[in-house]
Amino acid sequence: MKAVLLAGGLGTRISEESHLRPKPMIEIGGRPILWHIMKMYAAHGVNDFIICLGYKGYVIKEYFANYFLHMSDVTFDMANNRMEVHHRHAEPWRVTLVDTGESTMTGGRLRRVQEYLPNDEPFCFTYGDGVADLDMTAQFAFHRAHGRQATVTAVLPPGRYGALMRDGETVAGFEEKPRGDGGWINGGFFVLQPEVIDLIDGDATSWELEPMARLAGSGQLRAFEHTGFWQPMDTLREKNQLEDLWQSGRAPWKCW
0 MKAVLLAGGL
10 GTRISEESHL
20 RPKPMIEIGG
30 RPILWHIMKM
40 YAAHGVNDFI
50 ICLGYKGYVI
60 KEYFANYFLH
70 MSDVTFDMAN
80 NRMEVHHRHA
90 EPWRVTLVDT
100 GESTMTGGRL
110 RRVQEYLPND
120 EPFCFTYGDG
130 VADLDMTAQF
140 AFHRAHGRQA
150 TVTAVLPPGR
160 YGALMRDGET
170 VAGFEEKPRG
180 DGGWINGGFF
190 VLQPEVIDLI
200 DGDATSWELE
210 PMARLAGSGQ
220 LRAFEHTGFW
230 QPMDTLREKN
240 QLEDLWQSGR
250 APWKCW
């Protein structure tokens, strides 16, 4: 399977870092969060990626063009104008980088990479700023079994604030950041059939609006429930939370 990753947005809510680089290139544990997402997919056998570029897309191109330099020791022989890479470590990845425009919406970006997708098999689709301990292998099997055009991962969002446990006016306890309010939301990890791209009108189309509504209205959208760890990186606070988890050695999304 191929995976399409959205990496072109402005990332305005984390402008402390995104003014220098695209949000998917913000690092967790010294590696871009985009790399973490690709490692998650690779752990489930997906090694062919199509990355939708936009804002500062050249930063992502340069990262992959110099991947060996990022991942290996290197000697520069200045006198002989030669470079030697030591202990090469390469992922078994095929990465296609496509400029999909700076102002294009999420659906429009997917439509722009249609030519790089096969016409007869499902593909994965996700955002370049969120991680989870999602069992993708089970999700792929779920998608094939139900036979519809689209699968969305349904998650319970993490709570932002602690909750008081009360007995009338008496505080009986305190629960640290309970899980949401019981409502399932779009977790951003999709498995799609190629024909869903025909539901996208153009660059101004948000995938989350008209296309998903049309799929739901025609009975072509199924939800794969994920009750484990899930965390987007929309703000600096969330970035720091992910960094703390990685540094602790207990990053739930690290399945490789």
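Numbering follows numbering that gives the first Met the number 0, in which position 222 of the sequence shown is assigned residue number 221; successive positions increment by one, without gaps. All C-beta atoms in this analysis are idealised placements derived from N, C-alpha and C, irrespective of residue type, glycine included. In this text, all values refer to a predicted model and were calculated from it rather than measured experimentally.
Residue environment analysis places residue 17 among the buried positions, since at least 16 neighbouring C-beta atoms fall within 10 angstroms of its C-beta.
Looking at the backbone, the Cα of residue 206 and that of residue 104 are separated by about 8 angstroms. Shortest Cα-Cα distance from residue 133 to any of 204, 154, 149 involves 154. With fewer than 16 other CB atoms across the displayed protein chains lying within 10 angstroms of its CB, residue 84 is exposed. Per DSSP, the continuous alpha helix (DSSP H) segment holding residue 245 begins and ends at 235 to 247. Of the candidates 184, 71, 75, 71 places its Cα closest to the Cα of residue 88.
Boundaries cannot be given for residue 228, as no beta strand (DSSP E) includes it and DSSP labels it neither H nor E.
In terms of Cβ geometry, residue 78 and residue 252 do not form a close pair [threshold 8 angstroms]. Under the DSSP assignment, residue 1 falls in the beta strand (DSSP E) whose first and last residues are 1 to 6. Annotation: the continuous beta strand (DSSP E) that includes residue 74 extends over 72 to 76.
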